[in-house]
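In this text, residue positions in the sequence shown follow the working numbering: the first is 8, and each later residue adds one. All residues carry an ideal CB built from backbone N, CA and C; glycine is no exception. A quick write-up on the structure given underneath.
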Amino acid sequence: MDTSQYLSMFLEESKDNLQTLNEALLQLEQEPDNVDKLNEIFRVAHTIKGMAATMGYNTMAALTHKMEDVLSEFRDGELKVTKQVVTVLFKCLDTLEQMVDNIENGEEQEVPVDDIITKLESISQKGAAVGSEKANQNKVNDSNTDQNSNASQKISLNEYDANVIRQAIEKGYNAFSIDINLSKSTLLKSARAFLIFKNLEEWGEITKSIPGTEDLEAENFEFEINLVYLTHKNDNEVREILQEISEIDSIDIKQLTLEDVKVSYIEGKPKEEAKKKEEPKKNAVKKKAEKAKSKSGDAPHKKMHQSVRVDLERLDKFLNMVSELVINRTRLEQISQNYKLTELNETLEQVARTTNDLQDLVMKIRMLPLDTVFNRFPRLVRDLSVELNKEMELIIEGQDTELDRTVIDEIGEPLIHLIRNSADHGIEDSKEERIARGKDPVGKIKLVAYQEGTKAVIKVQDDGNGIDAEKVREKAEERGINTENMSENEIVNLIFDQGFSTNDVVTDISGRGVGMDVVKTKISALGGTVDMSTQQGKGTTFTIKLPLTLQIITALLVKVGSENLAISLNAIDSVIDYDESQIKKTNNKEVIIYRGNVLPIIRVNEKLNLPKSDNKKVYIVIVKVGEKMAGLLVDSLMGQQDIVIKPLGKTLKMLKEYIGATILGDGLVTLILDVAALV
């Protein structure tokens, strides 16, 4: 069978499932007794194994199978959830992720798995040794299970299974024993079994099956499947669900009663002892019953296919077409004004409204929640906590804030550097040091996101040491940087310089002086800013401000000399008339007093080597980038306009003063100024 047509679906599903496993394992480590979370992990791992086997990636399937062995022992109580075991499972996930990446990139190089498989087998064998002792101890108990019904003759119910079913029946659910015989001509028995489980689990919970899931998957069974099923549906409705599946010869459904699942082991004990025996299981039973209720309640069945996957290239092409539409609309408006075609104005207004709606729609389609980036960081902080031997936790707020996909793709790396910096430099080395400062023994790293006007704000905060300005000054002096006239804030911000680090020892986590430089470079390339505030002994906050989108923006068009330039409206605070008497000089630089603040004046023509204009009336455009403000001297204003940002290409890539170019209504190409680079 040719599986290449399913490759993209396999890659997307695998990445989603691996991320789900990461999050679920983190939660299980915090809540080792969470039965629902353990079952979720098992189901997702089982899905990954099945998909890998179907696609022919046998090494990946084998590794996931070994991982399942460990998870199975968690579920059976033969193995305890510990930090050491979870760390091995995380390494297994990292290996699987590397395999998926190699498949996506078309790399044929095998990922080494022998070491991780050996570790998983070692853990599994330890669990099996414990499990065999428990099995011998429980044999007597299981043999006492009441087998009055046909179901109990085929499916042996242990004490736990019986309790789950009994609790569900008492809460008003229907429990069924289902015997299914597949047609003798069925070729793909495992696929048919998968459909049976999938259809039934949409409306309830399968608590027991013979054969087990591994045998079903390996087609290690004849043609009969026996199930115990909890649901709110009646037997006729359950039969209808199963009859939708082809290649089934017969379906035998029997409703189970309390008498059918009565466990003689409990009934034969004194009530007080039986009660003690039941108590530890109540929470797990309650959760399972509630899960069945949530799946099979009276609410109408949710419609499928409420969303579709769209190839990103198609989405980018769609955006480019809308961008061209915006350019042509602007061109038509220009022609209408030039030739005073009043009859065209009404139609153009309608076209403008429709184009704006389409523009807003395509921008929203491209928007993704920051959660797609943030969801990898709890695992990162957990691993750093183990590596650095520091107790710390990550608090995330505002992960629903949306950004353009282009920004989302690029923002991950800077945030990783900032979080690693907070973990290594920020959080104190010992609990005792934190307690002495009156802090919680567990270090806190906070990741906060929110929307502010047309920008998204992301903050990385820690409640650790803060940054010692004096130490930064010493390091700066060692590197030959003169800090004589610098303020404390300017000195601290030197950590963003290339190669600058306050660490004396280079480690795997930090010390090479590239992290903060990467952060600033990446954020600037996205048209954003990064600022830092710190208080020694209290903590540090990095504030990133990013544009919500990088494609279509509103800009102020200005003239400098004979050239037309565009400035993003997001960066503009105000525009004032130029008055030479207001210009002062300090340190041989031109400044202006604006609202009580001293702002540097930047003559754009000199900065860009453009000829000076003869205009007597010129303007100062007050721009703001993060905490910095400045005045840009321009010759004339040409109004504001929606513009489409086009990249400059490889030839002009080195021009740092521009973020791109646009095409105006009259067909002229206009460069867009990078205000951050000028200021």
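**Prompt:** Got a sec, what are the start and stop residues for the alpha helix (DSSP H) Lys196 sits in?
**Reply:** 196-208
CB Val449 to CB Glu398, shorter than 7 Å?
yes
* To do: Please classify Glu664: does DSSP put it in a helix, a strand, or coil?
  => coil
Where Leu675 sits in the DSSP three-state scheme:
coil
Cα separation between Ser392 and Val92? 16 Å
Does the stretch 579-590 come into contact with the stretch 458-473, if we say contact requires no fewer than three beta-carbon pairs (one atom in each stretch) closer than 8 Å?
no
* To do: Could you please give the first and the last residue of the uninterrupted beta strand (DSSP E) stretch that includes Val632?
  => 626-632
Candidates Pro376, Asn243, Thr54, Lys178: closest to Glu75 by CA position
Thr54
- Item | C-alpha gap between Met16 and Val388, whole angstroms | 30 Å
Query - 4 or more residues per run - each alpha helix (DSSP H) lying fully within the stretch 26-91 - result: 42-62, 65-82
Check your understanding: In this structure, does DSSP put Ser15 in helix, strand or coil?
Key -> helix
TODO: Return helix, strand or coil for Gln250, following the three-state DSSP convention.
DONE: helix
(request) Pick out the complete alpha helix (DSSP H) segments inside the stretch 337-385, 4 residues or longer, and give them in chain order. (result) 349-373, 378-381
Measuring straight from C-alpha to C-alpha, what distance separates Glu394 and Glu409? 32 Å
Between the stretch 220-236 and the stretch 177-187, can you find at least three pairs of beta-carbon atoms closer than 8 Å? yes
One question on the structure: do Leu606 and Ala637 come within less than 7 Å of each other, judged by their Cβ atoms? yes
(message) Is it buried or exposed, Pro554, if we count other Cβ atoms within 10 angstroms and call 16 or more buried?
(response) buried
*May I have the straight-line CA-CA distance separating Asp267 from Asn170, to the nearest angstrom?*
12 Å
| message | Taking a contact to mean a Cβ-Cβ separation below 7 Å, would you say Thr541 touches Gly445 in this structure? | response | no
How about the stretch 336-347 and the stretch 659-668: do they share at least three Cβ pairs that are nearer than 8 Å? no
ask   = Is DSSP giving Val599 helix, strand or coil here?
value = With the sequence shown as reference, residue 599 is identified as Ile, and Val is not the correct amino acid for it. Three-state DSSP puts Ile599 in a strand.
Could you give the first and the last residue of the continuous beta strand (DSSP E) run that contains Pro554? 546-554
| request: Tell me whether Met328 is buried or exposed, calling it buried when 16 or more other Cβ atoms sit within 10 Å of its Cβ. | output: exposed
According to the neighbour-count rule (16 or more other Cβ atoms, all chains shown, within 10 Å of its Cβ), is Gly84 buried or exposed? exposed
Reduced DSSP secondary structure (H/G/I, E/B, other) of Thr528: helix
Check your understanding: Looking at the unbroken alpha helix (DSSP H) that takes in Ala456, where does it start and where does it end?
Key -> Counting along the chain, Ala456 falls outside any alpha helix (DSSP H), though it belongs to the beta strand (DSSP E) covering 450-459.
Determine the DSSP secondary structure at Lys614, reduced to helix, strand or coil.
helix
Practice problem: State the DSSP-derived secondary structure class of Glu111, mapped to helix, strand or coil. | Solution: helix
### Query
Can you name the residues that DSSP bridges to Val467?
Leu454, Phe549
* Asked: How big is the Cα-Cα spacing for Ala182 and Ile176?
  -> 7 Å
For this session: Evaluate contact between the stretch 593-605 and the stretch 662-676, counting only Cβ atoms and requiring at least three cross-stretch pairs below 8 Å.
Result: no
By how many angstroms is the C-alpha of Glu634 removed from the C-alpha of Asp642? 26 Å
Once you ignore the five residues that flank Ser575 on each side, which residues in its own chain have a CB closer than 6 Å to its CB? Ile560, Ala562
*Residue environment, Gly544, which counts as buried when at least 16 other CB atoms sit within 10 Å*: exposed
Q. What's the C-alpha gap between Asp431 and His424?
A. 10 Å
For this session: For Pro376, collect the residues of the same chain with a Cβ closer than 6 Å to its Cβ; drop the 5 residues on either side in sequence, then sort them by chain order.
Result: Asp407, Glu409
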